[in-house]
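Visitor:
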Amino acid sequence: LARVCHIVQLAICHKKLLGYSSCSTGKIVPYCRSASLVKSECADKRCPVASTSSNHQQLPVATWKSAPRHVREILLSAVRSGTPFISLSNMKRIYRSVYNLELSE
Numbered sequence: 023l024a025r026v027c028h029i030v031q032l033a034i035c036h037k038k039l040l041g042y043s044s045c046s047t048g049k050i051v052p053y054c055r056s057a058s059l060v061k062s063e064c065a066d067k068r069c070p071v072a073s074t075s076s077n078h079q080q081l082p083v084a085t086w087k088s089a090p091r092h093v094r095e096i097l098l099s100a101v102r103s104g105t106p107f108i109s110l111s112n113m114k115r116i117y118r119s120v121y122n123l124e125l126s127e
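Following this line, the structure appears as structure tokens:
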């Protein structure tokens, strides 16, 4: 089982043969139908990844100038409240709600 998991991980991360589906089910699909491909294409075009959720409005994307300061503020706030870490999904959610900006890949 460990060998199979390792092979699948290599196919996802290094060979780009597989990727995760764009829906939130976490299914593994061919790379050409994956969310990874969409994110990679958006990164190449330097545009934000469109949200697949209907409850997220399109927000402006954070800039490299403001993002480090805002992330630092969020992390300091978490430390003050006794939280030793913040997951990436929570960081993005907090960033959207506090700064009305999208922290995009």
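Numbered by this note's numbering, the letters in the sequence shown go through residues 23 to 127 in order. We put the beta carbon where it would ideally sit given N, CA and C, even for glycine.
Please report the residue range of the alpha helix (DSSP H) in which Leu32 lies.
Guide: Residue 32 sits at position 10 when you count from the first residue of the sequence shown. It spans 24-35 - the alpha helix (DSSP H) in which Leu32 sits, taken as one unbroken run.
Visitor: Taking Pro82 as the reference, which of Ser126, Ser62, Val60 has the closest Cα?
Guide: On the sequence shown, position 60 is the one that residue 82 refers to. If we check each option's Cα against that of Pro82, Ser126 comes out closest.
Visitor: Measuring straight from C-alpha to C-alpha, what distance separates Lys87 and His28?
Guide: For the purposes of this step, residue 87 is taken as the residue at position 65 of the sequence shown. For the purposes of this step, residue 28 is taken as the residue at position 6 of the sequence shown. Each residue's alpha carbon lies about 38 Å from the other.
Visitor: Ignore the nearest five residues each way along the sequence and tell me which others in Lys38's own chain have a CB closer than 7 Å to its CB.
Guide: Within the sequence shown, the letter at position 16 stands for residue 38. Here the set comprises Tyr53.
Visitor: Go to Ile128, then tell me how far its beta strand (DSSP E) extends in each direction, as first and last residue.
Guide: Lying before the first or after the last residue shown, residue 128 is absent from the chain, which here runs from 23 to 127.
Visitor: Which of the three DSSP states, helix, strand or coil, is assigned to Leu125?
Guide: Working through the sequence shown from its first residue, we reach residue 125 at position 103. Correct three-state label for Leu125: coil.
Visitor: Taking the alpha-carbon of Ser43 as reference, which of Ala84, Val60, Val71, Lys67 has the nearest alpha-carbon?
Guide: Here residue 43 refers to the residue found at position 21 when the sequence shown is read from its first residue. Among Ala84, Val60, Val71, Lys67, the Cα nearest to that of Ser43 belongs to Val60.
Visitor: Between the alpha carbons of Val26 and Ser109, how many angstroms are there, rounded?
Guide: Here the question's residue 26 lines up with position 4 in the sequence shown. Here the question's residue 109 lines up with position 87 in the sequence shown. Approximately 28 Å, taken between the alpha carbons.
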